[in-house]
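A short write-up of the structure that comes next.
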């Protein structure tokens with residue numbers, strides 16, 4: 248163990264020496280005073296100096312000690328994927344700060360400290376690494392700025408600082424790294440200008456600056472940036488980096504137009520500028536880059552039409568332009584020359600027909616064209632039957648367009664589909680039985696169309712469904728009992744159709760229904776099945792505008808219910824106590840049921856009477872039990888006698904008072920006195936029942 252401790256001490260501090268046992272499993276023999284034969288260590292064959300130390304993924308932990316600087320001949324250090332600091336110690340559990348002595352080893356060529364838990368700043372003496380070609384510090388907890396002295400790392404080819412907590416500006420000194428091939432500073436907190444491209448970037452192949460706070464105008468001249476270094480922008484000079492194959496600047500705060508100079512990047516394969524504030528049109532020169540594979544520009548303010556040049560890109564695999572303001576007709580030959588895998592154009596203003604050959608190469612996996620204005624010729628557009636060739640499709644979104652016609656039965660060939668969105672179109676006809684092959688389908692939304700026929704039994708094969716939306720169509724027949732076989736359903740919306748019959752009791756077996764059960768605006772009859780009370784996860788229920796009858800007592804069992812609409816049916820009886828909060832929050836959701844009443848506690852009787860939307864069914868006693876019929880009759884009789892007694896006393900009092908006034912004046916009662924009683928009788932309509940508490944408008948039960 249002595250030998251192991253002595254060599255480990257070059258790497259970690261004394262507190263981490265208990266890891267020697269794990270090193271022994273790598274072949275580290277503690278009785279061997281020379282470690283050159285140990286796994287992960289390579290020595291100079293002539294003088295046995297350690298030149299390579301690779302402990303990546305060894306699950307070692309602790310801090311990297313200053314003794315590492317004693318390995319004066321070390322060339323390769325790999326400590327990646329640990330949780331400590333180190334050289335080629337990646338994928339471990341190294342922590343603490345990177346010791347300054349590490350960057351004083353003169354012969355180091357590669358350093359892998361990625362995927363650990365190193366913290367603190369990048370040592371300012373990083374410029375001493377004049378021979379380093381690869382520096383991997385990504386996926387740690389490093390903070391502070393990128394040291395300007397990095398300009399002295401003249402041999403540096405690959406620099407990975409991504410997924411840390413670095414702040415400040417991107418240093419201009421990076422422009423002096425002429426040999427740089429890959430730079431990744433994504434997922435930090437950098438901001439300000441992107442001052443790259445000023446130097447010699449002919450070797451730069453990969454530039455990833457995403458997930459930061461870079462801002463500014465993409466289209467300003469570089470001279471302006473030099474004069475005003477705090478005016479942030481993406482320089483057009485990046486067009487000089489002719490070797491670039493990927494440019495990733497997404498999720499920043501970039502503004503302005505995309506520089507036309509980017510069209511000079513003849514080797515560019517991946518252009519990812521999404522989630523910024525870019526505007527204007529995509530330069531036509533970019534669509535002429537024949538090496539393009541992926542163009543991801545979604546969530547900007549871009550506009551214009553898609554040019555024919557797009558259809559000539561033979562290597563094109565993915566185009567995502569959604570959430571912009573593009574318009575016009577999509578080139579109809581799109582897909583013929585390229586092996587499209589991803590096409591996302593939703594939330595734009597495209598018109599015309601959907602290109603029929605998008606699946607010509609049978610590679611298309613995701614097709615999202617929703618929320619546009621596709622409608623075809625003067626009559627209507629249709630879903631191309633050729634989509635049946637898209638056998639690799641996993642997701643298709645054509646919702647919120649103006650598509651008409653039938654759902655092509657050829658879509659049954661798409662056995663890999665997991666999501667289908669066809670809502671808000673003008674589709675008609677029946678659901679084709681061929682859809683039974685969609686056994687991987689998770690979401691099926693055809694709401695707000697003109698589909699008819701009964702709900703086909705072929706849907707029973709879609710056992711992976713979690714969301715089924717058939718609302719606002721013209722489906723007929725009853726609610727099919729086979730829906731109970733779709734055990735994963737969490738949302739079922741069938742409102743606004745022509746469904747009839749009773750709610751099947753088997754609905755109660757859908758125990759995963761959580762986000763909603765919508766059966767509104769149909770022609771349903773009968774009672775709510777008691778099995779519905781087993782839907783303990785259900786949060787939203789809408790059965791309004793049907794012909795349902797009976798009690799609401801079963802709804803008392805829906806423990807998770809947050810909203811309910813049972814309006815305009817024929818329900819009778821008292822509203823369950825657990826629904827009273829919903830009644831108070833949204834009284835209109837319970838209207839249109841004349842037979843419903845409030846069963847209020849005696850202590851809350853006045854509040855119940857004050858609710859003008861519902862009548863009171865009975866007053867309850869303090870212990871929560873309803874009063875008996877005898878008790879109610881006694882209360883009514885007592886109330887009536889009390890009214891008569893009060894009226895009689897009032898008459899006597901007024902007559903006596905009038906008599907005394909007459910006697911004081913020496914007068915005798917006249918027939919005016921008799922008229923007083925007549926006035927009282929007239930005012931009460933001869934003591935009509937409606938003026939008696941417990942009857943008429945004063946009724947309490």
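Residue numbers (the working numbering): 248 to 948.
Note that CB positions come from ideal geometry on N, CA and C, so glycine has one too.
Straight through space, the alpha carbons of residue 690 and residue 370 are spaced by roughly 51 angstroms. Linking residue 670 to residue 655 through their CA atoms gives a straight-line distance of about 15 angstroms. Beta-bridge partners of residue 630 (DSSP): none assigned.
The Cβ-Cβ distance between residue 757 and residue 786 does not fall below 8 angstroms. Where residue 832 is concerned, the enclosing alpha helix (DSSP H) starts and stops at 827-832.
In the three-state scheme derived from DSSP, where H, G and I count as helix and E and B as strand, residue 345 is classed as coil.
In this structure residue 765 does not touch residue 732 by the C-beta definition: roughly 19 angstroms separates them, more than the 8 angstroms allowed.
The beta carbon of residue 680 sits closer than 6 angstroms to those of 703, 705, all from its chain and outside the five residues before and after it, given in chain order. For residue 458, the CB contacts under 6 angstroms within the same chain, skipping 5 residues up- and downstream, are 433, 434, 498 in chain order. As computed with DSSP, residue 414 is found in a beta bridge with 436.
According to the DSSP assignment, residue 388 belongs to the beta strand (DSSP E) that extends over 388-391.
Residue 407: member of the beta strand (DSSP E) spanning 405-407, first to last residue. Sequence-distant partners of residue 864 (beyond 5 residues in either direction) whose C-beta falls short of 7 angstroms from its own C-beta, in its chain, are 821, 844, 845, 846. Exposed is the label assigned to residue 531, since fewer than 16 other Cβ atoms lie within 10 Å of its Cβ. Closest by C-alpha distance to residue 552, out of 753, 568, 560, 538, is 568. Partner residues in the beta bridge of residue 596, as assigned by DSSP, are 574. Residue 425 and residue 448 have their C-alpha atoms roughly 6 angstroms apart. By the Cβ criterion, the segment 722-729 is in contact with the segment 737-751, since at least three pairs of Cβ atoms, one from each stretch, lie closer than 8 angstroms. Secondary structure at residue 521: coil, using DSSP grouped into helix, strand and coil. Taking the Cα of residue 373 as reference, the smallest distance to any Cα among 610, 696, 357, 555 is reached at 357.
Taking the Cα positions, residue 351 is about 21 angstroms away from residue 387. Contact between the segment 507-515 and the segment 531-549 is present, with at least three C-beta pairs closer than 8 angstroms. Counting C-beta atoms within 10 angstroms of its own C-beta, residue 596 has fewer than 16 neighbours from the protein chains shown and is therefore classed as exposed.
DSSP places residue 426 in the coil class of the three-state scheme, outside both helix and strand. For residue 283, the secondary structure class from DSSP, reduced to helix, strand or coil, is helix. The Cβ atoms of residue 744 and residue 769 sit closer than 8 angstroms to each other. In the structure shown, residue 781 adopts helical secondary structure according to DSSP, grouped into three states. Taking C-beta atoms under 8 angstroms as the contact rule, residue 526 and residue 559 fail to qualify, at a distance of about 26 angstroms.
Restricting attention to 415, 453, 355, 420, the CA atom closest to the CA of residue 436 is found in 415. The closest CA to that of residue 795, considering only 346, 376, 819, is found on 819.
Distances from the alpha-carbon of residue 645 to those of 676, 602, 503, 398 put 602 closest. Non-local C-beta neighbours of residue 837 in its own chain, meaning closer than 7 angstroms and more than five positions away in sequence, comprise 813, 814, 822, 830, 843, ordered along the chain.
Judged by beta-carbon spacing, residue 441 lies beyond the 8 angstroms limit of residue 506, meaning their Cβ atoms are not closer than that value. By the Cβ neighbour-count rule, residue 773 is exposed, with fewer than 16 other Cβ atoms within 10 Å of its own. By a beta-carbon distance limit of 8 angstroms, residue 805 contacts residue 782. Their separation comes to about 6 angstroms.
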